[in-house]
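Visitor: When the letters of the sequence shown are read in order and numbered with my numbering, they come out as residues 38 to 482. Take this structure, written in structure tokens, and hold onto it; I'll ask about it next.
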Amino acid sequence: MDCQWHQKEPGVYQRTATPMERWMTRVTQTGHEFGKEHFIISVGLQIQVPEGFSAFVPELRRAWGILRQRHSSIASLLDRKAGIWRYVVPTPEDIDDWFTETFIVAPFGTAAGPLPSPAHPPKRPRLLALPSTSRIILQAPHTVTDGKGLMLIASELLRIATESTKTKSSYEAVNLSPPFSVAAGLPPVDENDMRRAASDLEQFLSALPAMALPTRTAAGNGRKRHPARTRHVLQAFSEHDTQSLLSRLKQRGLTVTHAVHAAIACTTKRFNINPSSDIYAGVLVLDGRSLYQDERNNLKTPGSLSCTGWFPTVKVSSFESTVNAFKAEYTNIQRDRRLPNVIDGLLMQMMPFLSESAPSSGADALLSSIGVVESVIHHKYSFVEVLEFEIGCEVLNPAIDIFLYTWHDRVRLAAYYNESYYEAETVIQFLAMVISTLKRELMVD
38 MDCQWHQKEP
48 GVYQRTATPM
58 ERWMTRVTQT
68 GHEFGKEHFI
78 ISVGLQIQVP
88 EGFSAFVPEL
98 RRAWGILRQR
108 HSSIASLLDR
118 KAGIWRYVVP
128 TPEDIDDWFT
138 ETFIVAPFGT
148 AAGPLPSPAH
158 PPKRPRLLAL
168 PSTSRIILQA
178 PHTVTDGKGL
188 MLIASELLRI
198 ATESTKTKSS
208 YEAVNLSPPF
218 SVAAGLPPVD
228 ENDMRRAASD
238 LEQFLSALPA
248 MALPTRTAAG
258 NGRKRHPART
268 RHVLQAFSEH
278 DTQSLLSRLK
288 QRGLTVTHAV
298 HAAIACTTKR
308 FNINPSSDIY
318 AGVLVLDGRS
328 LYQDERNNLK
338 TPGSLSCTGW
348 FPTVKVSSFE
358 STVNAFKAEY
368 TNIQRDRRLP
378 NVIDGLLMQM
388 MPFLSESAPS
398 SGADALLSSI
408 GVVESVIHHK
418 YSFVEVLEFE
428 IGCEVLNPAI
438 DIFLYTWHDR
448 VRLAAYYNES
458 YYEAETVIQF
468 LAMVISTLKR
478 ELMVD
């Protein structure tokens, strides 16, 4: 499958969507009939500027335009039905329309939550500036990029905004982001990949139904109603406990991700309403940029979906056995250079059996591990200081989506959920039990 960009006619560039992008198209369309979209990704930064935030807004706007010039694909659009990405070199009028659509300054005094749910789902990345709270929020569909990609966009935006040089406007097709497989230089999917995908898919499906969390309403009934608001709960280890946790994990040859995912699975078992299963069937979401980055490829282009993953079926008993199972899963993935091809093969085999509606999701807790934020977003860009960082997503199904990351030397867990399915107290209790399990099992002071 040729997913590279091609010029179809003067000023018009197209490429075919990848299997992962097509899959995300199906997954994210939940809520479309109500003007919402599942999995809209958001990154929020609270910044401090000497002259004041309002005086910095024109520089943000200038930087947003330059970012588009340097990475044209952040302005491309996906034809969801055809599975085709399209970028058209704009006229000056088109640029004005693009700024109106994607650069939004909230009126002074506007109050907003940590990561406000979008009133209308964006078709491409957009930037919100909130003078009242000195915050910027970047939002994008999950078909366009992933969490790490949006963090790269945020970092480059601030770097451009604080540059002393001024760049002239030019909106030709520059640095159209290649899809992940092309950027990473992966080989094409072959028959062996497809056979392995079929076998692994059969193994995964045979383990279902897996454990499930208790929800407020039945998932089927909830999806027929207007989706409620996405809420979030944030829990953080203290700096002291973070250092103690890291020390204990290092002694046992584990990563934070291994331990947190195991604690999530063990906590899911305690909440489980499916007495016939002790299987955690979630998703291992991995940053392909970290796994496949080297000097030969181009994985730092921000506007692309470069996450990869796998669908584990881990039997949950003791924390010790569960954490070792997750360690084995993650270790195998990191060593498996053909895994993205197998995932593509799996998705290609699943797609013909899906209806036009988005595939349903179980009531479970999923993990996305972002890593150390400072590896992408700095505390300071020239005269601008970054005081706070948040990452999240719009959730319209019964899942609880948990982001794991380290910021200012503190491990943090941010859980996003839809209030149609969970009370805040339930999610708070769930995260508290995850942290309690980690502290108890790893003997964190």
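We treat Cβ as the ideally placed atom computed from N, Cα and C, and that holds for glycine. A quick note: this is a predicted structure, and the numbers were derived from the prediction, not measured.
#1: Taking Cβ to Cβ, would you say arginine 326 is nearer than 8 Å to serine 314?
#2: Could you give the C-beta distance for threonine 67 and leucine 433, rounded to a whole number, given that I count them as a contact under 8 Å?
#3: Just list the beta strand (DSSP E) runs in the segment 398-450, keeping only unbroken ones of 3 residues or longer that don't cross its boundaries, in chain order.
#4: Count the other CB atoms within 10 Å of the CB of glycine 257; is the residue buried (16 or more) or exposed (fewer)?
#5: Who are the near neighbours of leucine 238 in its chain, counting only those whose CB is closer than 6 Å to its CB and skipping five residues on each side?
#6: Judging by CA-CA distance, which residue of Phe90, Gln83 and Ile78 is the nearest neighbour of lysine 160?
#7: Do the segment 209-228 and the segment 443-459 meet, that is, are 3 or more Cβ pairs less than 8 Å apart?
#8: Could you tell me which uninterrupted beta strand (DSSP E) segments, each at least 3 residues in length, are contained entirely in the segment 161-197, listed from first to last along the chain?
#9: Cβ atoms of proline 162 and isoleucine 197: under 8 Å apart, would you say?
#10: Can you check whether the CB of alanine 318 is closer than 8 Å to the CB of leucine 376?
#11: Return the bridge partner residues of phenylalanine 90 from the DSSP annotation.
#12: Whole angstroms are fine: how far does the CA of arginine 268 sit from the CA of alanine 461?
#13: Is it true that the CB of arginine 52 sits closer than 8 Å to the CB of cysteine 40?
#14: Per DSSP, what kind of secondary structure is tyrosine 453 in: helix, strand or coil?
#15: When DSSP labels each residue in this structure, what does histidine 43 get in the three-state scheme?
#16: Using the Cα positions of phenylalanine 348 and leucine 286, report the straight-line distance between them to the nearest angstrom.
#17: Using a Cβ-Cβ cutoff of less than 7 Å, which residues in the same chain neighbour tyrosine 418 once the five nearest sequence positions on both sides are dropped?
#18: According to DSSP, is valine 49 part of a helix, a strand, or is it coil?
#19: How would you call serine 341, buried or exposed, if buried means at least 16 neighbouring beta carbons within 10 angstroms?
#20: I'd like to know whether the C-beta of glutamate 96 is nearer than 8 Å to at least one C-beta of chain B.
#21: Using the C-alpha atoms, what's the distance from alanine 299 back to phenylalanine 217?
#22: Alpha carbon to alpha carbon, how far is asparagine 369 from isoleucine 380?
#23: Between alanine 191 and threonine 137, what straight-line distance do the alpha-carbon atoms span, to the nearest angstrom?
#24: Which class does threonine 267 belong to by DSSP, given the choice of helix, strand or coil?
#25: Exposed or buried, what is arginine 63 when buried is set at 16 or more other beta-carbons lying within 10 Å of its beta-carbon?
#26: Pull up the CB-CB distance for glycine 346 and leucine 323, whole angstroms please, since I reckon it's below 8 Å.
#27: On a CA-only basis, which of Leu441, Arg233 and Pro339 is nearest alanine 296? Give me that one, please.
#28: With 16 as the cutoff for other CB atoms within 10 Å, does methionine 480 come out buried or exposed?
#29: Around the C-beta of arginine 260, are 16 or more other C-beta atoms found within 10 angstroms, so that it is buried, or is it exposed?
#30: Based on Cα-Cα distance, which residue from Tyr208, Asp133, Thr304 and Ser113 lies nearest to alanine 177?
#31: Can you give the Cα-Cα distance for proline 129 and lysine 73, rounded to whole angstroms?
#32: Take phenylalanine 71 and list the residues in its own chain whose beta-carbon comes closer than 7 Å to its own, dropping the five residues that flank it on each side.
#33: Can you list, in chain order, the residues of its chain whose CB lies under 7 Å from that of lysine 306, leaving out five sequence neighbours each side?
#34: Under 7 Å: does the beta carbon of serine 457 sit that close to some heavy atom of the ligand HEM?
#35: Pull up the distance between the alpha-carbon of lysine 118 and that of arginine 107, whole angstroms please.
#36: Considering just the uninterrupted stretch of the beta strand (DSSP E) at arginine 374, what are its terminal residues?
Guide: Looking at the coordinates:
#1: Cβ atoms of arginine 326 and serine 314: not closer than 8 Å.
#2: Indeed, because the Cβ distance is near 5 Å, the residues count as touching under 8 Å.
#3: The qualifying runs are 402-409, 421-430 and 437-444.
#4: Low per-residue confidence applies at glycine 257: pLDDT is 47, beneath 50, and the placement is therefore not dependable, though the value from the model is reported in the following sentence. Flag for glycine 257 reads exposed.
#5: Excluding five sequence positions before and after leucine 238, the CB atoms of its chain that fall closer than 6 Å to its own CB belong to Leu383, given in chain order.
#6: Nearest in C-alpha terms to lysine 160, of all of Phe90, Gln83 and Ile78, is Ile78.
#7: Cβ pair count under 8 Å is below three, so no.
#8: The qualifying runs are 163-167 and 172-177.
#9: For the 8 Å CB-CB criterion, isoleucine 197 and proline 162 do not form a contact.
#10: Taking 8 Å as the cut-off, the Cβ atoms of leucine 376 and alanine 318 do not count as close.
#11: Looking at the DSSP output, phenylalanine 90 shares a beta bridge with no other residue.
#12: Between alanine 461 and arginine 268, the C-alpha separation is close to 8 Å.
#13: In contact: cysteine 40 and arginine 52 (Cβ atoms closer than 8 Å).
#14: Three-state DSSP puts tyrosine 453 in a strand.
#15: Strand.
#16: Annotation: phenylalanine 348 to leucine 286 spans about 24 Å, alpha carbon to alpha carbon.
#17: Closer than 7 Å at Cβ, skipping near neighbours: Leu195, Arg196 and Thr199.
#18: Valine 49: strand per DSSP, three-state reduction.
#19: The residue is buried, with at least 16 neighbouring Cβ atoms inside 10 Å.
#20: The structure shown has no chain B; it contains just one protein chain.
#21: Their backbone Cα atoms lie some 28 Å apart in a straight line.
#22: Straight across, the Cα-Cα distance linking asparagine 369 with isoleucine 380 is about 14 Å.
#23: Distance between the alpha carbons of alanine 191 and threonine 137 is about 19 Å.
#24: In the structure shown, threonine 267 adopts extended strand secondary structure according to DSSP, grouped into three states.
#25: Buried, since its Cβ has 16 or more Cβ neighbours within 10 Å.
#26: Rounded to the nearest angstrom, the Cβ distance from glycine 346 to leucine 323 is 6 Å, consistent with a contact under 8 Å.
#27: The shortest CA-to-CA distance from alanine 296 to any of Leu441, Arg233 and Pro339 is the one to Leu441.
#28: Counting Cβ neighbours within 10 Å, methionine 480 comes out exposed, since fewer than 16 surround it.
#29: At arginine 260 the pLDDT is 46, less than 50, meaning the model places this residue with poor confidence; the figure from the coordinates comes in the next sentence. So arginine 260 ends up on the buried side.
#30: Of Tyr208, Asp133, Thr304 and Ser113, the residue nearest in Cα terms is Ser113.
#31: Answer to the nearest angstrom: the Cα atoms are 30 Å apart.
#32: Exclusion of the five residues before and after phenylalanine 71 leaves His263 and Pro264 as the residues of its chain whose Cβ lies within less than 7 Å of its Cβ.
#33: Met248, Asp315 and Val353, listed in sequence order.
#34: The model depicted lacks the ligand HEM and carries no ligand whatsoever.
#35: Annotation: lysine 118 to arginine 107 spans about 28 Å, alpha carbon to alpha carbon.
#36: Arginine 374: not part of any beta strand (DSSP E); DSSP gives it neither H nor E.
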